[in-house]
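Going down the list, the protein sequences come from chains Z and H.
In this text, residue positions in the first sequence follow this note's numbering: the first is 89, and each later residue adds one.
In this text, residue positions in the second sequence follow this note's numbering: the first is 4, and each later residue adds one.
Heads up, the thing below is written out as structure tokens.
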Amino acid sequence: MNKIISKAILVNHLNETIGLSKRECQIFFETFIDILMKSLKNKKDVKIVNFGIFKLRQKNERVGRNPKTKIEFKISKRNVVKFKASEFLLNTINPVQSNLDEKS
Amino acid sequence: MKKSDLLLILEKKFEYLPKREVERTLEKILQFFSSNLSKGNRIEIRDFGSLSTRLRKSRIGRNPSTGEKIKIKDKLLVHFTPGKKLKKIINEE
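This is the structure in structure tokens:
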């Protein structure tokens with residue numbers, strides 16, 4: 089039931105809902121993703137109102153252990169990207185429940 | 004970077020499009036993301052990463068100041084898994 093939405097599906101949807109050709113939609117979407125990636129590359133978080141924030145976080149070096157073999161190894165210092173959904177997005181994906189069961 | 008900055012760059016790159024059209028297209032992309040996430044679908048964008056929802060189970064919480072027990076309901080959260088290329092570029096230097 090749960091689908092995987094690929095770029096192709098998104099481009100088709102855009103093409104159907106707005107007046108741009110598939111090719112233009114694809115270029116537009118790729119440019120959008122490109123801007124996001126460049127911003128993160130330049131260590132800048134991306135905040136999209138009503139959607140969420142892509143945040144860059146620094147992780148320190150630490151010692152990891154293979155749980156099976158117990159062999160220790162070093163996990164190096166690195167940057168990771170975290171996404172935090174906005175309140176608005178969380179409200180759209182979490183269907184509103186009646187106030188009744190909130191109080192129980 | 005904020006959405007307004009993002010729009011400015013997009014407007015500049017797509018000069019031949021009316022500004023309203025650029026804004027609408029970006030809105031449509033974001034709406035499509037949200038509506039698919041709410042259906043439980045997973046969004047996969049090569050190089051960038053994927054967005055999916057994860058369930059945080061209900062649990063019993065406590066009001067820290069009164070000690071009163073309260074039920075915290077299930078909640079869907081959005082999880083982002085960075086793609087290979089994104090991981091690589093943020094760690095370059």
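Just so you know, even glycine gets a beta-carbon here, dropped at the ideal spot from N, CA and C.
The model shown is predicted, which means the values in this text are computed figures rather than measured ones.
Run through chain Z and tell me which residues come within less than 7 Å of residue i, C-beta to C-beta.
{"i": "R49 of chain H", "result": "K95"}
{"i": "L11 of chain H", "result": "What L11 of chain H touches in chain Z: nothing, since even the nearest Cβ is about 10 Å away."}
Interface residues of chain H around residue i at Cβ under 7 Å?
{"i": "G152 of chain Z", "result": "Result: empty, since nearest Cβ-Cβ is about 17 Å, beyond 7 Å."}
{"i": "K129 of chain Z", "result": "I92 and I93"}
Check for me: the beta strand (DSSP E) holding residue i runs from which residue to which?
{"i": "I163 of chain Z", "result": "E160 to I163"}
{"i": "T53 of chain H", "result": "For the sequence presented, residue 53 of chain H should be read as Ser rather than Thr. Here the beta strand (DSSP E) through S53 of chain H covers G52 to R59."}
{"i": "L79 of chain H", "result": "K78 to P85"}
{"i": "L144 of chain Z", "result": "G140 to K147"}
{"i": "F17 of chain H", "result": "Careful: F17 of chain H lies outside any beta strand (DSSP E) and carries neither H nor E."}
{"i": "K74 of chain H", "result": "K72 to I75"}
Can you say whether residue i is buried or exposed, counting buried as having 16 or more other CB atoms within 10 angstroms of its CB?
{"i": "P155 of chain Z", "result": "exposed"}
{"i": "F201 of chain Z", "result": "In the structure as shown, chain Z starts at 89 and stops at 192, and residue 201 of chain Z therefore has no counterpart that could be examined."}
{"i": "I75 of chain H", "result": "exposed"}
{"i": "P183 of chain Z", "result": "exposed"}
{"i": "L13 of chain H", "result": "buried"}
{"i": "G52 of chain H", "result": "buried"}
{"i": "S37 of chain H", "result": "buried"}
{"i": "P85 of chain H", "result": "buried"}
{"i": "V137 of chain Z", "result": "exposed"}
{"i": "I3 of chain H", "result": "The displayed coordinates of chain H run from 4 to 96. Any statement about residue 3 of chain H would go beyond what the structure contains."}
{"i": "V81 of chain H", "result": "buried"}
{"i": "I48 of chain H", "result": "buried"}
{"i": "V99 of chain Z", "result": "buried"}
{"i": "N90 of chain Z", "result": "exposed"}
{"i": "L69 of chain H", "result": "Note that residue 69 of chain H corresponds to Thr in the displayed sequence, not to Leu. With fewer than 16 Cβ atoms within 10 Å of its Cβ, T69 of chain H is classed as exposed."}
{"i": "L177 of chain Z", "result": "buried"}
{"i": "F161 of chain Z", "result": "exposed"}
{"i": "A173 of chain Z", "result": "buried"}
{"i": "T157 of chain Z", "result": "exposed"}
Just to make sure I have the definition right: I need the residues of chain H whose C-beta is within less than 9 Å of the C-beta of residue i. Which are they?
{"i": "K162 of chain Z", "result": "Neighbours of K162 of chain Z on chain H: none; closest Cβ ~15 Å, over 9 Å."}
Would you mind telling me which residues of chain Z sit closer than 8 Å to residue i, beta carbon to beta carbon, in chain order?
{"i": "I75 of chain H", "result": "Simply none; closest approach about 11 Å."}
{"i": "L33 of chain H", "result": "I136, N138 and F139"}
{"i": "L79 of chain H", "result": "L178, I181 and N182"}
{"i": "R23 of chain H", "result": "Neighbours of R23 of chain H on chain Z: none; closest Cβ ~11 Å, over 8 Å."}
{"i": "R27 of chain H", "result": "I106"}
How is the alpha helix (DSSP H) around residue i delimited, first residue to last?
{"i": "E104 of chain Z", "result": "K95 to T105"}
{"i": "R111 of chain Z", "result": "K110 to K129"}
{"i": "N182 of chain Z", "result": "Where N182 of chain Z is concerned, there is no enclosing alpha helix (DSSP H), given that its DSSP letter is neither H nor E."}
Closer than 8 Å by beta-carbon distance: list the chain H residues that pair up with residue i, in chain order.
{"i": "N100 of chain Z", "result": "Ordered by position in chain H, no residue passes the 8 Å Cβ test against N100 of chain Z, which lies about 10 Å from the chain."}
{"i": "N90 of chain Z", "result": "K42, G43, N44 and R45"}
{"i": "N167 of chain Z", "result": "I93 and N94"}
{"i": "K132 of chain Z", "result": "M4"}
{"i": "K110 of chain Z", "result": "In chain order: nothing, as chain H lies at least about 13 Å away."}
{"i": "K170 of chain Z", "result": "F83"}
If I'm right that residue i touches residue j with Cβ under 8 Å, what's the distance once you round it to whole angstroms?
{"i": "T56 of chain H", "j": "I163 of chain Z", "result": "About 27 Å separates the two Cβ atoms, so there is no contact after all."}
{"i": "F83 of chain H", "j": "L54 of chain H", "result": "5 Å"}
Fill in: Residues of the region 59-71 of chain H with Cβ closer than 8 Å to any Cβ of chain Z, in chain order
Those residues of the region 59-71 of chain H that come within reach of chain Z (Cβ to Cβ, closer than 8 Å) do not exist; the list is empty.
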